[in-house]
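J.: Sending over a structure as structure tokens; questions will come in a sec.
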């Protein structure tokens, strides 16, 4: 299942957040979509998933245009936004059942139990979401993104707020999911990209400044550190840890 983006552009009241970018992503590899804060990462993620209309250009998921075939695209995509909207007065399992029902799944209860097990929420499933730590709320967000077994995952800062133990578990899950799904992962943390990503896109001021396999970029810029490559291409200081 592929993603194809062509000349995607977004203006906000005279400010160009994303400036005519084009790229492709396919299954079996995790694509890191990297950039400093304000570079256009989240705006691009929202356009890819149909939650934000582009000013011009187009994006396709599995051959479906995001703007004209939104319903089909949403069935194919699992989306974890940077700030996941959750119904915090609902219990974890209750919320996930609600999400499963919106997809009209054949076996919603089974899908809920599987998602809970995958993201490590068994011990928290009978708690209200507002009682959870930020890390566990992030797990609920990831569970709702994968509950319908989507072919494509768009993850915007998926490890935000996780402690070191949670971080390791979620990284392992993302790597496993990336084996047979198309995964685009947005982050400004180079440690995450080093561990998780095969291919790298770097965006700066709305423009793609690099698009290549991770090791190719390191060779091209004569560095064993993706962080160094990032700094060369964006000229910004970046976070070194979550």
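Numbering (the numbering used here), first residue to last: 5 to 246. For each residue, glycine too, the CB sits at the ideal point set by N, CA and C.
#1: Tell me the DSSP bridge mates of residue 216?
#2: Looking at residue 29 and residue 60, is the spacing between their C-beta atoms short of 8 Å?
#3: Excluding the five sequence neighbours on either side, which residues of its own chain have a C-beta within less than 8 Å of the C-beta of residue 95, listed in chain order?
#4: Rounding to the nearest angstrom, what Cα-Cα distance links residue 176 and residue 87 in this structure?
#5: Whole alpha helix (DSSP H) runs in the segment 25 to 103 with 4 or more residues, listed along the chain?
#6: CA-CA distance, residue 57 and residue 25?
#7: How big is the Cα-Cα spacing for residue 16 and residue 209?
#8: In the structure shown, what three-state DSSP assignment does residue 151 receive?
#9: Would you mind sorting residue 83 into buried or exposed? The rule is 16 or more other CB atoms within 10 Å of its CB.
#10: For residue 46, count the other beta carbons within 10 Å of its own beta carbon; 16 or more makes it buried, fewer makes it exposed. Which is it?
#11: One question on the structure: do residue 228 and residue 217 come within less than 8 Å of each other, judged by their Cβ atoms?
#12: Using DSSP with H/G/I as helix, E/B as strand and the rest coil, what is residue 189?
#13: Report all residues from its chain with a CB closer than 7 Å to the CB of residue 10; omit the five preceding and five following residues, and keep chain order.
#14: Just to confirm the assignment, what range does the alpha helix (DSSP H) spanning residue 136 have?
T.: This is what the structure gives:
#1: 204
#2: no
#3: Within the same chain, residue 95 has close Cβ partners 129, 130, 131, 132 and 133.
#4: The straight-line gap from Cα to Cα measures roughly 22 Å.
#5: 45 to 52 and 74 to 80
#6: For residue 57 and residue 25, the gap between their C-alpha atoms comes out near 15 Å.
#7: 13 Å
#8: coil
#9: buried
#10: buried
#11: no
#12: strand
#13: Result list for residue 10: 26, 61 and 62, in chain order.
#14: Where residue 136 is concerned, there is no enclosing alpha helix (DSSP H), given that its DSSP letter is neither H nor E.
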